[in-house]
Structure formats: C-alpha cells, structure tokens
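Engineer: Read in order, the letters of the sequence shown correspond to residues 2 to 209 in my numbering. No residue lacks a Cβ here, since even glycine has one placed at the ideal position from N, Cα and C. Remember, it's a predicted structure, so these values are computed and weren't measured experimentally.
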Amino acid sequence: FQEGAKAIFSKNMLLMRKTNDFIRMQDVLFVGIYLVITLIMGLGFSFYCYMLIFWMFSMIQNSDFMRDMKNYQIYLIPDAPLKKLWYVMLPTIFKTFLVLLIAIVSAYILMQPDFKEALQYFVMLSGYAFLFLATTVLSLRILKSRNNVMMENMLRMLLMILAAIPSTGVLIYMISQNTLTTAMMNSITIYNLLINFVLSGIILYGCR
2 FQEGAKAIFS KNMLLMRKTN DFIRMQDVLF VGIYLVITLI MGLGFSFYCY
52 MLIFWMFSMI QNSDFMRDMK NYQIYLIPDA PLKKLWYVML PTIFKTFLVL
102 LIAIVSAYIL MQPDFKEALQ YFVMLSGYAF LFLATTVLSL RILKSRNNVM
152 MENMLRMLLM ILAAIPSTGV LIYMISQNTL TTAMMNSITI YNLLINFVLS
202 GIILYGCR
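1) What does the alpha-carbon distance come out to for the pair Pro166 and Leu156?
2) Is it buried or exposed for Ile196, if we count other Cβ within 10 angstroms and need 16 for buried?
3) Consult DSSP for Ala104 and reduce its assignment to one of helix, strand or coil.
4) Closest by CA to Ile94, which one among Met57, Asn21, Glu118, Met112?
5) Distance, Cα to Cα, Pro92 vs Ala119?
6) Considering only residues of the same chain and omitting the five flanking positions on each side of Lys85, which have a CB-CB separation below 7 Å?
7) Give me the Cα-Cα distance between Met158 and Gln113, rounded to the nearest whole angstrom.
8) To the nearest angstrom, how far is it from the Cα of Asp80 to the Cα of Met125?
9) Would you call the region 29–36 in contact with the region 97–108, where contact means no fewer than 3 C-beta pairs closer than 8 Å?
10) Apply the 10 Å Cβ neighbour rule to Ser140 and answer buried if 16 or more other Cβ atoms are within range, or exposed otherwise.
11) Name the residue from Tyr192, Phe2, Ile173, Lys12 whose alpha carbon lies nearest to the alpha carbon of Val89.
12) The alpha helix (DSSP H) spanning Asn13 covers which residue range?
13) Whose C-beta lies closer than 8 Å to the C-beta of Leu83 among residues of the same chain, with five residues either side of it excluded?
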C-alpha cells in the first residue's frame, strides 16, 4: 500500500480486488450486445469500433473516479495536485483499456479485419478514452457540484465535441476531396491520437 498520491491508487485497486469490480458485467454485456448486432446486421468492423465510443462515454460517466473527485479527503493529501488527479484516474484508465482490448480482440477474431486496421482503431479509441476522461474532469471543475446531472452530461458532451473537432475536421475534408488513401488514413490516425492526447494533457493540467 503506497503513500502520498499513490495511496489513492492503492486504495482503489484494493477495493476492486475485494469486490471483484475490476471488469463490470454491465460493460461486458454492452460490448457483447454491440458485437452481436454488428455481426447479425453485417455492419463491419469499423461500425463496431465507432459503437464502442458510445460505450466509453457511458462507462466513464458512471466510473468510480467520479466518486473520488467528490471526496474532500483527497484534497488534504500532502502531494502534488496533478499527481493526485492522475492516480484518481489511473484505475479507470486500466479498466477502460482492458475492456477495450477484449472488445477489439474479440471482434478481430470473429470478423478477421486487416491487423493494421484493428491496431489503428485501438489506437484511435485509446485517444478518445483519454479525451473523455479529461472532459469529464473539466465538467466537474466547471460545475463544482453534481446536483444537476442533465446539465453536467450536456456540458461534458459539448466539451467532447469541441475537443474532437480538429481531428474530425481533417477526416471530413479528406473524404470530401476524395483524397483519402490508406496512407492518409494512417496519418490521420496518428494525428488524431496526438491531438487527443495533447488536448487531454492541457485540460488535465488546467484542472489540477
């Protein structure tokens, strides 16, 4: 059991071990339903990956780190604010990436897309996961109290849309100009990941 800001992470990992809550059945069920619908309707691997974005939005919204952010005792720990924020988020990051990896691997086995395509989508979804976490923290920072759940959800969605505009705009422009090639898609994936990580870092640093 570590000390300082790391104690937050140690406490949450211990709780998840004792309650068997590291992977919730609700998340596995949602991911499984998306996969079954995609297979039955023949919508393809890409559609399934974009459906996972909706799952991530819902999962992060109901994650445990939201409860920790309301716990005043966290603010009394004598450590750097940014470190405390990071260790509050870290268990949720682990959970999100683990379920995301299971979802992508399952879809890859059943649909057998190109390996590079599967890897690209995993990287892209990873960037969006960080962005969703960062905008959730920002929405809590702005609203302070979480009394109005509807207003909080609207604000979080608006922040996510605004943060996703740069990378989405480049993709739409490429499609409209009929200049989208495999090489450009690879470049857009990397560009998208960089933008999302940079924006997430800026948001989290500002919310420390």
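Structural biologist: Walking through what the data contain:
1) Per the sequence shown, residue 166 should be read as Ile rather than Pro. Per the coordinates, the alpha-carbon of Ile166 lies some 16 Å from the alpha-carbon of Leu156.
2) Per the 10 Å Cβ criterion, buried.
3) helix
4) Met57
5) 25 Å
6) Ala6, Ile9, Ile75, Ile78
7) 33 Å
8) 32 Å
9) A contact exists between the region 29–36 and the region 97–108.
10) Under this definition Ser140 is a buried residue.
11) Lys12
12) 7–20
13) Leu205, Tyr206, Arg209
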